[in-house]
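Q:
There are 2 protein chains.
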Amino acid sequence: MSENPDKVYEELLNRVKEIDLIYSSLAVLDWDQKTYMPRKGAERRAKMISYLSGLGHEKFVDPKIGELLETLKSDNYDKEEYSDEETNIRELDRQYQKYKKVPNSLVRELSETTTLADQAWVEARKKSDFSEFKPWLEKVIKLKHDYAEAVGYPKEPYDALLDDFEPGATVETTGQVLDNLRTDLVKFVEKVLGSGKHPDTSIVEREYPVDKQELLGKLAAKTIGFDFDSGRLDVTTHPFCTGFGPGDTRITTRFDPKHFNNAFFGILHEAGHGIYDQGLDPKHAGTPRGESVSLGIHESQSRMWENLVGRSRPFWEYFFPIAQGIFHEALRDVQLDDFHFAVNDVRPSFIRVEADEVTYNLHILVRFEIEHAFFKGDLKVDDIPAAWNEKYNHYLGITPANDAEGCLQDVHWSNGLIGYFPTYTLGNLYASQFFVKAQEEIGNLDELFRNGSFIELRDWLLKNIHSHGQRYRAEKLVEVVTGEPLSHQPMMDYLRNKFGPLYGI
Amino acid sequence: MSENPDKVYEELLNRVKEIDLIYSSLAVLDWDQKTYMPRKGAERRAKMISYLSGLGHEKFVDPKIGELLETLKSDNYDKEEYSDEETNIRELDRQYQKYKKVPNSLVRELSETTTLADQAWVEARKKSDFSEFKPWLEKVIKLKHDYAEAVGYPKEPYDALLDDFEPGATVETTGQVLDNLRTDLVKFVEKVLGSGKHPDTSIVEREYPVDKQELLGKLAAKTIGFDFDSGRLDVTTHPFCTGFGPGDTRITTRFDPKHFNNAFFGILHEAGHGIYDQGLDPKHAGTPRGESVSLGIHESQSRMWENLVGRSRPFWEYFFPIAQGIFHEALRDVQLDDFHFAVNDVRPSFIRVEADEVTYNLHILVRFEIEHAFFKGDLKVDDIPAAWNEKYNHYLGITPANDAEGCLQDVHWSNGLIGYFPTYTLGNLYASQFFVKAQEEIGNLDELFRNGSFIELRDWLLKNIHSHGQRYRAEKLVEVVTGEPLSHQPMMDYLRNKFGPLYGI
Chain F
1 MSENPDKVYE ELLNRVKEID LIYSSLAVLD WDQKTYMPRK GAERRAKMIS YLSGLGHEKF
61 VDPKIGELLE TLKSDNYDKE EYSDEETNIR ELDRQYQKYK KVPNSLVREL SETTTLADQA
121 WVEARKKSDF SEFKPWLEKV IKLKHDYAEA VGYPKEPYDA LLDDFEPGAT VETTGQVLDN
181 LRTDLVKFVE KVLGSGKHPD TSIVEREYPV DKQELLGKLA AKTIGFDFDS GRLDVTTHPF
241 CTGFGPGDTR ITTRFDPKHF NNAFFGILHE AGHGIYDQGL DPKHAGTPRG ESVSLGIHES
301 QSRMWENLVG RSRPFWEYFF PIAQGIFHEA LRDVQLDDFH FAVNDVRPSF IRVEADEVTY
361 NLHILVRFEI EHAFFKGDLK VDDIPAAWNE KYNHYLGITP ANDAEGCLQD VHWSNGLIGY
421 FPTYTLGNLY ASQFFVKAQE EIGNLDELFR NGSFIELRDW LLKNIHSHGQ RYRAEKLVEV
481 VTGEPLSHQP MMDYLRNKFG PLYGI
Chain C
1 MSENPDKVYE ELLNRVKEID LIYSSLAVLD WDQKTYMPRK GAERRAKMIS YLSGLGHEKF
61 VDPKIGELLE TLKSDNYDKE EYSDEETNIR ELDRQYQKYK KVPNSLVREL SETTTLADQA
121 WVEARKKSDF SEFKPWLEKV IKLKHDYAEA VGYPKEPYDA LLDDFEPGAT VETTGQVLDN
181 LRTDLVKFVE KVLGSGKHPD TSIVEREYPV DKQELLGKLA AKTIGFDFDS GRLDVTTHPF
241 CTGFGPGDTR ITTRFDPKHF NNAFFGILHE AGHGIYDQGL DPKHAGTPRG ESVSLGIHES
301 QSRMWENLVG RSRPFWEYFF PIAQGIFHEA LRDVQLDDFH FAVNDVRPSF IRVEADEVTY
361 NLHILVRFEI EHAFFKGDLK VDDIPAAWNE KYNHYLGITP ANDAEGCLQD VHWSNGLIGY
421 FPTYTLGNLY ASQFFVKAQE EIGNLDELFR NGSFIELRDW LLKNIHSHGQ RYRAEKLVEV
481 VTGEPLSHQP MMDYLRNKFG PLYGI
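Residue numbers (the numbering used here), protein chains in the order written: chain F, 1 to 505; chain C, 1 to 505.
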């Protein structure tokens, strides 16, 4: 041992904690940009964000970080698996080894190209003309291939992209789970749609004044465990949740005065992300041991609160009288059962972000299949619109009228976020599997929800998931928490048990 | 010449522009902290701010900056006085030479001590007990002496502090102007207070609903020239204005539903600062040529719009009917003359930030005299409360009942801002002197204001002051713009011409 390993470890942590202060500052710049920034501030803000991002990246790929990691690894400082030290060294090393392989020129080129591709996408979507976006998507794909080659991958280039969002995930493992899901889900969706039953959704499309929506939304977020002394709710165009480190987590929403669902379930969703963020161990802030596992695990928290809790009947047994009190005009003649059915309406639709929880994962499967195919070279970029429309017709029985409501609807590809979509469905699968276990360990969740008691579930999630940070990768975490590898079964069971009775199937 | 001087200059500017991106990011962190940050985010935010401040300072005192400056100076790259290049080199060199002399240990000690001193001040003010704050003030004074000795000064240590806020100002020059002002102002205040006349101020203390105050305040800010596409108005505890660079200037206010003046004139004041910020040349953003001159010049802009414009009769000839329309209940039975008199009420008071424009500068003189005396060693810290009360009695005929409404009311000293107060009065003096010239060059400002036309004055300020950045130091700027050195006469003339008729003196 050349140096005192405790000192080496401390220096490593001090460095990454400083870098994390830069990323938290970036998160503030980004949040403000999306909530309050005046129109003409955009150009300057882009410069600030680009400069600080570059600074953070530069400080992280500093060879000194590599040296510190090497010293610790050769000293076996990380010997006890899943200890705080092993977690930090393992995850920092993983990131360092990956990012140091990306040439600066590629980082810059990707950043510049996706900025322009994003602008081209905005224009193309306005005109509903995929051909305008096509050359930009081709450039993005080319650069992402260069990226995959630079960082390496287990079997195929797409694995390198998946790994950015869901560390450790591969086409082989994730693809298998998604394949199994596809088979069962397509059949189930057919049955639901074939039932001929429909809720009266007009009751959630009445007058819902924005100030009252905000009141109820914040009440619900607080009731399920979001701490408003450590966070805020603000308004934005595309809702998101972001954290600035311990004590400050921001959630956002948008209000439609003529639709109850958007803001209410949107707030529950973002509050779910926020509760995860607020549950990270502040002692480990700025290090992997104090950070969230993956996008998929993050999504499992938001979807659990939004859907498994927030669209459940017990939840509404507690909340419906409150909602009726607040929206007296809109809800006084409405029965709980009708309201509960209305917020669980299943119908085929073109737009992912508006999809119900049954058909939602088919939207994701379409995207996964298409991006995997074009990235592998099995699908030409020219053929994306046709492939997209064909798949919507196949899975949902509907065909988009144009590219804007088809393959141009999502921002992801233009931003270089290829490999991101699967994490949405992984999130749903994790959520169901965790929820079964929570049910088992806590006892009668329905009864607790009926009494407005959500703290037991929140504390269970805190103990089993949030407080561990990145101690376990997603795949391992699922096994540690539930005793089983990830499977599509718990979600299918959940969907059948819930929507079976609603649709009489 | 060792290198291509154009390249050297470009490298210097690139470096300082990058550093400016850090400072703009810090401004966002600070703004959010004071407007929206949840309570528990404070500790983390302090770390983010401290880290980025350190980074900005470190990058600015980098010896490379010194080398670049030396090369440019020895190449005579700055030969044409007041050119863009000379301005940038002169001002960067001034700052560099000053700040590089401050040892890092002193920067840290000052930062830590003022953080603690500020907490002690909050507690001491709560208990209205100066003795609790005393040891902290002594520490701050000691460190500010160390600072003055480190950076140097022309005649006395206090000059080094003045120079931080009003570059180039000294006790000798500024003190003389303030002395002249004192003599005339004390006499004039005596006459006003001796007149026995008082407006009916109850009319500005009626019900002024906050949403309507916001509506009128934003309308007024927009009308005088604040661009809301490049800025925002938000709510805070201690109103301020801050800029994040071109296209993004934030003003803040606080609303009292039972007092018209606070928010309305506060918004005009901050909008005045904001209009200056929005008038800086974006081409020179991040370099002295694109930055504001000094706190005093900044204050001249805010006070001009707040008082010389916003409390003038012509302004209210235009705005009073609008205000009456918005606050129908509160103002329908009120006459323009009575309203105008009510917003120009002169009376002795203890609290600086609530003082009228006639007595305001006496509040500043008290603070200047006291801080100058204790910093010189002519006044013991123990004797501050007595000296303070004695001066209030002498100048305004009133004696504070306790330290909270006396010498503990301002946050400045606990934050190490000794030498800051004089800039408030300098701002008032600059404002009056600029205004005379604007009047002369534009023509009948009264007539323009009466018609709601403020763009002529805004454009004049843009052309003569804002667009120059730091081309001229404050003292020189006054001479260039008005043809005369700074004098207290224009302000005394303004006060006499305005308040003479109102008070029949």
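Ideal Cβ placement from N, Cα and C applies to all residues, glycine included.
Since this is a predicted model, take the numbers as computed values, not measurements.
Jot down the residue ranges of each uninterrupted alpha helix (DSSP H) in the stretch 258-336 of chain C, minimum 4 residues, whole runs only, in chain order.
A: Those alpha helix (DSSP H) runs which fall completely within the stretch 258-336 of chain C and span 4+ residues are 261-279, 295-303, 313-326, 328-331.
Q: Distance, Cα to Cα, C/His198 vs C/Glu205?
A: C-alpha separation (whole angstroms): 15 Å.
Q: My guess is that C/Leu396 and C/Ala387 are in contact by the Cβ rule of under 8 Å, so how many angstroms apart are they, rounded?
A: Rounded, the Cβ-Cβ distance is 15 Å, inconsistent with contact.
Q: Suppose the cutoff is 7 Å on Cβ atoms and the five residues either side in sequence are ignored; what does the same chain contact list for F/Glu18 look like?
A: Excluding positions up to five away in sequence, the list is empty.
Q: On the criterion of 16 or more Cβ atoms from any shown chain inside 10 Å, does C/Asp333 qualify as buried, or is it exposed?
A: It counts as exposed.
Q: Can you tell me which of the three DSSP states C/Gly247 falls into?
A: Note: C/Gly247 maps to coil in three-state DSSP.
Q: Taking Cβ positions only, does F/Met1 come closer than 8 Å to chain C?
A: Summary for F/Met1: the model assigns pLDDT 48, below 50, so the residue's position carries little reliability; its value from the coordinates is reported in the next sentence. Answer no: the Cβ-Cβ gap between F/Met1 and chain C never drops below 8 Å.
Q: Using the C-alpha atoms, what's the distance from C/Gly225 back to C/Met455?
A: According to the sequence provided, residue 455 of chain C is Ile. The question's Met does not apply to it. Using only the alpha carbons, I get a separation of about 7 Å.
Q: In the structure shown, what three-state DSSP assignment does F/Leu379 receive?
A: Note: F/Leu379 maps to coil in three-state DSSP.
Q: How is F/Arg206 classed by DSSP in three states: helix, strand or coil?
A: Looking at F/Arg206 - three-state DSSP - the assignment turns out to be coil, as it is neither helix nor strand.
Q: What are the boundary residues of the beta strand (DSSP E) that includes F/Gly231?
A: 231-235 is the span of the beta strand (DSSP E), which, as asked, contains F/Gly231.
Q: Using three-state DSSP, classify F/Thr242 as helix, strand or coil.
A: If DSSP states are grouped into helix, strand and coil, F/Thr242 belongs with the strands.
Q: Specify whether the stretch 319-333 of chain C and the stretch 233-245 of chain C touch according to this definition: at least 3 beta carbon pairs, one from each stretch, less than 8 Å apart.
A: They do not touch, by the three-pair rule.
Q: Whole angstroms is fine: what's the gap from C/Val61's alpha carbon to C/Ser294's?
A: So the two alpha carbons sit approximately 21 Å from each other.
Q: Residues of chain C with CB under 8 Å from F/Ser24, in chain order?
A: Arg44, Met48, listed in chain order.
Q: Got a sec: is the Cβ-Cβ distance from F/Ala221 to anything in chain C below 8 Å?
A: No, F/Ala221 lies away from the interface with chain C (no Cβ there is under 8 Å from its Cβ).
Q: Return the residues of the stretch 97-112 of chain F that lie within a Cβ-Cβ distance of less than 9 Å from chain C, sorted by chain order.
A: Under the 9 Å Cβ criterion, the stretch 97-112 of chain F contributes no residue.
Q: Who does F/Thr252 pair with in a DSSP beta bridge?
A: According to DSSP, F/Thr252 bridges with F/Asp234.
Q: In chain C, which residues lie less than 8 Å from F/Phe228 when you measure between Cβ atoms?
A: Simply Pro38.
Q: Leaving out five residues before and five after C/Leu445 in sequence, what residues of the same chain have Cβ atoms less than 6 Å from its Cβ?
A: Excluding sequence neighbours, C/Leu445 sits near Gln439.
Q: On the three-pair Cβ rule with 8 Å, is the stretch 119-128 of chain F touching the stretch 170-185 of chain F?
A: As far as the Cβ criterion goes, the stretch 119-128 of chain F does not touch the stretch 170-185 of chain F, which means the pair count is below three.
Q: Measuring only the C-alpha atoms, how far is F/Leu336 from F/Glu357?
A: If I take the Cα positions, the gap works out to 20 Å.
Q: Can you tell me whether DSSP reads C/Tyr96 as helix, strand or coil?
A: Helix at C/Tyr96.
Q: How many Å lie between C/Ala401 and C/Leu461 at the Cα?
A: If you take the alpha carbons of C/Ala401 and C/Leu461, they lie about 42 Å apart.
Q: Just to make sure I have the definition right: I need the residues of chain C whose C-beta is within less than 9 Å of the C-beta of F/Pro246. Which are they?
A: By Cβ distance, chain C contributes Lys40, Gly41, Glu43, Arg44.
Q: Going by C-alpha distance, which of F/Thr115, F/Gln489, F/Trp136, F/Arg473 is nearest F/Lys47?
A: Closest by alpha carbon: F/Thr115.
Q: Rounding to the nearest angstrom, what Cα-Cα distance links C/Glu3 and F/Gly279 in this structure?
A: C-alpha separation (whole angstroms): 56 Å.
Q: Roughly how many angstroms separate the alpha carbons of C/Tyr23 and F/Thr253, rounded to a whole number?
A: Taking the straight line joining both Cα atoms gives about 30 Å.
Q: Looking at the unbroken alpha helix (DSSP H) that takes in C/Ala148, where does it start and where does it end?
A: That run of the alpha helix (DSSP H) goes 130-151.
Q: Using only the alpha-carbon positions, how far apart do C/Glu390 and C/Val411 sit?
A: For C/Glu390 and C/Val411, the distance between alpha carbons rounds to 21 Å.
Q: Quick one: list the residues of chain C neighbouring F/Asp211, beta-carbon separation under 8 Å, in chain order.
A: The premise fails here: F/Asp211 is roughly 12 Å from chain C at the closest Cβ pair, so nothing lies under 8 Å.
Q: Is the number of C-beta pairs between the stretch 418-433 of chain C and the stretch 159-169 of chain C that are closer than 8 Å three or more?
A: In short, these stretches touch, since the Cβ pair count reaches three.
Q: With distances taken from CA atoms, which of F/Ile398, F/Gly427, F/Leu178, F/Asp345 is nearest F/Val192?
A: When only C-alpha atoms are compared, the closest one is F/Asp345.
Q: Quick check: C/Glu43 and F/Gly247, are their CB atoms within less than 8 Å of each other?
A: Yes. Within cutoff.
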